[in-house]
Amino acid sequence: KAYPYLWAAAHSPSSFAFVACAGARTGDVLNSQLGSLNSGTGLVSITVGGNDAGFADVMTTCVLYSESTCLARVDEARRYISETLPGKLDQVYSAIRARSPSARVVVLGYPRFYKLNGSCIAGLSERERSAINSGADHLNTVIASRAAAAGFVFGDVRGTFTGHEICSGNSWLHSVTWPVEESYHPTAAGQSGGYLPVLTAKAG
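Residues 1167 to 1370, numbered by the working numbering, are exactly what the sequence shown covers, in order.
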C-alpha cells in the first residue's frame, strides 16, 4: 500500500525496487539502500531526514512528559535540522546522483501532523501540536533547499494532507503506536491520497 508500489502499479516501469524502511536515517540510506541504483535508473523517490532529527524521540517526549519538556525537545530537533541535517542530506543526494546520473529524483517531504483547534479532546496541548507542526515546516524547508541545490525536485505533501491531519476527524496519519517508530506514518489513505498524487505530479 506504499505510494511507490501504487505508482509502479499505475505506470508499469521496466524494473522497480522498493527499499524504504520505517525508522531509517540518512546513514541507513547510504549504507544499505542504494544498491539498486545504476546508470540506467530513470526515477528515484526518497523521503528522509525526520528520523535523523529524532522524530520518534520528539513524539515520545511530547506524549509522556510536560509541555515545557516537549517544547524544549522540539527546539533541540529544530537546531539539529538547521545545523547538522543539511550536510547529511547533501551526502545522500550526492550518492544518489553519483550512482544514477541521469535519474529524475523526487524528494518528498513530510505532512503537518496536527490540525490545530481540531477534534482532539485529550492528548497534547495546542501549543505542543503547533510546535510540532512548525518543526515539520522547518524540516520541509531545509529538505527543499538541499534538494534544489542537488538539482532534485521537491514534492510538498502538506497541501494534499490538509484536512487529513491528526485531530481533523479524517486523519490520514496513524497516531501514537508502540513501538513509537510506527507512529505518525501515513495510513493507506495517506499513501494513496497524500503521497501518490505528489509523486505522480513530480515524476514527470
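We put the beta carbon where it would ideally sit given N, CA and C, even for glycine.
- For residue 1279, there is no enclosing alpha helix (DSSP H), since its DSSP letter is neither H nor E.
- Of the candidates 1332, 1255, 1231, 1255 places its Cα closest to the Cα of residue 1193.
- Here residue 1287 carries a coil assignment [DSSP, helix/strand/coil].
- The three-state secondary structure of residue 1272, taken from DSSP, is strand.
- Between residue 1169 and residue 1361 the beta-carbon gap is near 4 Å, inside 8 Å, which marks them as a contact.
- Between the beta-carbon of residue 1251 and that of residue 1215 there is about 6 Å, and that keeps the pair under the 8 Å contact cut.
- In the structure shown, residue 1201 falls within a coil segment according to DSSP collapsed to helix, strand and coil.
- For residue 1308, same chain residues with a beta-carbon under 8 Å away, outside a window of 5 residues either side, are 1215, 1247, 1248, 1251, 1252, 1255 in chain order.
- Here DSSP, grouped into helix, strand and coil, assigns residue 1220 to coil.
- Classified as buried, residue 1326 has 16 or more neighbouring CB atoms from the shown chains inside 10 Å of its CB.
- For residue 1212, DSSP records a beta bridge to 1273.
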